[in-house]
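For what it's worth, full-length UniProt numbering labels the leading residue of the sequence shown as 1, then goes sequentially.
Even glycine gets a Cβ: it sits at the ideal position worked out from N, Cα and C.
Take a look at the structure set out below.
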Amino acid sequence: MSPTIVSAAAKTGPKKAVAAQAKEAAAEPAEPPAPGVRSETIRKGDTLGAVLTRAGAPNNQAADAFSALRNVFNPKDLQIGQKVEIELASAETEGNLDLKRLFLPVSVERDVEIVKGENGYIAKEIVRPLKTVMIRGGGTIDSSLFVSGTENGIPVEMMMEMIRIFSFDVDFQRDIQPGDGYELVYEQRQTDAGKVAKFGRLQYASMTLSGTTIKLYRFEDGSGFVDYYNGKGESVRKALLKTPIDGAKITSSFGARRHPILGYTAMHKGIDFGAPSGTPIMAAGDGTIRKYGPNGAYGNYVQIQHNGTYSTAYAHMSRFADLRVGSRVRQGQIVGYVGTTGRSTGPHLHYEVMVDGTQINPLSVKLPSGRALAGKELKQFQGIMQELDRKMLTLPEPAQLAQARE
Numbered sequence: 001m002s003p004t005i006v007s008a009a010a011k012t013g014p015k016k017a018v019a020a021q022a023k024e025a026a027a028e029p030a031e032p033p034a035p036g037v038r039s040e041t042i043r044k045g046d047t048l049g050a051v052l053t054r055a056g057a058p059n060n061q062a063a064d065a066f067s068a069l070r071n072v073f074n075p076k077d078l079q080i081g082q083k084v085e086i087e088l089a090s091a092e093t094e095g096n097l098d099l100k101r102l103f104l105p106v107s108v109e110r111d112v113e114i115v116k117g118e119n120g121y122i123a124k125e126i127v128r129p130l131k132t133v134m135i136r137g138g139g140t141i142d143s144s145l146f147v148s149g150t151e152n153g154i155p156v157e158m159m160m161e162m163i164r165i166f167s168f169d170v171d172f173q174r175d176i177q178p179g180d181g182y183e184l185v186y187e188q189r190q191t192d193a194g195k196v197a198k199f200g201r202l203q204y205a206s207m208t209l210s211g212t213t214i215k216l217y218r219f220e221d222g223s224g225f226v227d228y229y230n231g232k233g234e235s236v237r238k239a240l241l242k243t244p245i246d247g248a249k250i251t252s253s254f255g256a257r258r259h260p261i262l263g264y265t266a267m268h269k270g271i272d273f274g275a276p277s278g279t280p281i282m283a284a285g286d287g288t289i290r291k292y293g294p295n296g297a298y299g300n301y302v303q304i305q306h307n308g309t310y311s312t313a314y315a316h317m318s319r320f321a322d323l324r325v326g327s328r329v330r331q332g333q334i335v336g337y338v339g340t341t342g343r344s345t346g347p348h349l350h351y352e353v354m355v356d357g358t359q360i361n362p363l364s365v366k367l368p369s370g371r372a373l374a375g376k377e378l379k380q381f382q383g384i385m386q387e388l389d390r391k392m393l394t395l396p397e398p399a400q401l402a403q404a405r406e
């Protein structure tokens, strides 16, 4: 397939404003600019006008090129470190230069080019078609599922999704033993040249824990609702995740304990998970953020209301995700990161589950089971599951997992 090119004629733009920005932000070139192709790098505070002027383009042409670019690309999306290729030619007036072309690689799948024509500058958007490739990954677990996956080159977003769907039933601190295995199949969007542009959906994931394998398959029902199901067509979704963090060790359980800082015995109304600072913390269930900010001895604190009965709290975080009070969150969504703010002796997550406002032992919560497919939907799911199983046989087995099975 050939790239798709979308053209747009230049419109009259704010020439004076762009010229002023360019003059203010551009550094004087070390030597007089010469005709030819020049590569510039976007610097902090750069505007497109500044970059073009720095390369030697006349201010009025920089403004015209800027106006053309806005038809296919928002200049505010320029990133520090991004490359811009600029072609200059000798102008009819001796000693001056003429801006002939500007080429901006936007992403693996998209470039933008501005070319000077008879009637001004024209912007062309070059879009490369993408194909979907199925990728099979996996390995053995030495420390945590997340660490093992990232060390084996599996995208972070795929590992976070896998952790989320298994968090309903797997206690990542107690259930995983060194040498346990995992496997997943996910979509990768590539150009015809094989360059990765983006990642698609997690289609399959499995964990082998102490010799027992749990397999989960993605399925979208007739209403567009997406969930993961076991081989019997039973959803893994429950009201709350069993643990809201991966690879953490329980350092303090629910109940009376001698407080490590205050020195006297007090009721510990949650569970402490010891984990490295910066470890992602996930929302235990769908809900609305009711508290989000510093909260005394709790340090950086988030409280989520899941329904009229259940709420959860997360304390001592190093920093928050980009959320606020009133934000709706999805189960498994990152709400913050492990830290040691507030009254704390080291990095950990203090996690609470509340029923009607009263803290209870998170490990004692009886969670309702998710839905089970039936009838036509069950048959559709079984067909998808069987097709994916056949597809997996054609994909290379992950090297680490193959070695573990030898």
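- The beta-carbon separation of Leu104 and Val112, rounded to 4 Å, stays under the 8 Å limit for a contact.
- In this structure, Ala321 places its C-beta atom within 8 Å of the C-beta atom of Val335.
- For Ser210, DSSP records no beta bridge to any residue.
- Secondary structure note for Lys376: its alpha helix (DSSP H) is the uninterrupted segment 375-393.
- Within the segment 255-323, the complete beta strand (DSSP E) runs of at least 3 residues fall at 255-258, 265-268, 271-274, 280-282, 287-294, 300-305, 310-317.
- Around the beta carbon of Ser144, 16 or more other beta carbons lie within 10 angstroms, which makes this residue buried.
- With contacts defined by Cβ atoms closer than 8 Å, Asp46 and Ile163 do not form a contacting pair.
- Beta-carbon to beta-carbon, Val226 and Glu234 are separated by about 15 Å, too far to satisfy the 8 Å threshold.
- Comparing C-alpha distances from Gln82 to each of Lys131, Thr279, Thr208, Thr41 shows the shortest one belongs to Thr41.
- Note on geometry: alpha-carbon atoms of Glu187 and Ile384 lie some 15 Å from one another.
- Burial of Gln203 is indicated by the presence of at least 16 other C-beta atoms within 10 angstroms of its C-beta.
- Here Ala57 is not near Ile80, since their CB atoms are 8 Å or more apart.
- In the DSSP assignment, Leu48 falls within the unbroken alpha helix (DSSP H) covering 48-55.
- The straight-line gap separating the alpha-carbon atoms of Val325 and Ile281 is approximately 17 Å.
- When secondary structure is reduced to three states using DSSP, Glu352 falls in the strand class.
- Scanning its chain for C-beta atoms nearer than 6 Å, with the 5 sequence neighbours on each side dropped, one finds around Gly138 the residues Tyr182, Glu183, Pro398, Leu401, in chain order.
- About 5 Å separates the Cβ atoms of Tyr301 and Ala315, confirming a contact at the 8 Å cut-off.
- A Cβ-Cβ separation of about 5 Å places Ala284 in contact with Pro244 under the 8 Å criterion.
- Look at the beta carbons and you see the segment 269-281 touching the segment 344-358: at least three pairs across the two are nearer than 8 Å.
- At least 8 Å separates the beta-carbon of Val236 from that of Gln190.
- Excluding its 5 nearest sequence neighbours in each direction, Lys391 has C-beta neighbours in its own chain below 7 Å: Met134, listed in chain order.
- Rounded to whole angstroms, the gap between the alpha carbons of Val51 and Pro75 is 12 Å.
- Ala123 is not a Cβ neighbour of Asn59, given a cutoff of 8 Å.
- Setting aside the 5 residues that flank it on each side, Met158 is surrounded in the same chain by Tyr186, Leu202, each with a C-beta closer than 6 Å to its C-beta; the list follows chain order.
- Around the beta-carbon of Gly231, fewer than 16 other beta-carbon atoms lie within 10 Å, marking it exposed.
- If you look at Thr150, you'll find it in the alpha helix (DSSP H) that goes 145-151.
- Annotation for Phe66: the continuous alpha helix (DSSP H) segment containing it runs 59-69.
- Per the C-alpha coordinates, the member of Leu88, Lys131, Thr340, Thr213 positioned closest to Val115 is Leu88.
- As DSSP reads the structure, Pro396 sits in no beta bridge.
- Closest option to Ala372, judged by alpha-carbon separation, among Gln382, Leu363, Ser364: Gln382.
- Shown here, Phe166 sits in a helix according to DSSP, grouped into three states.
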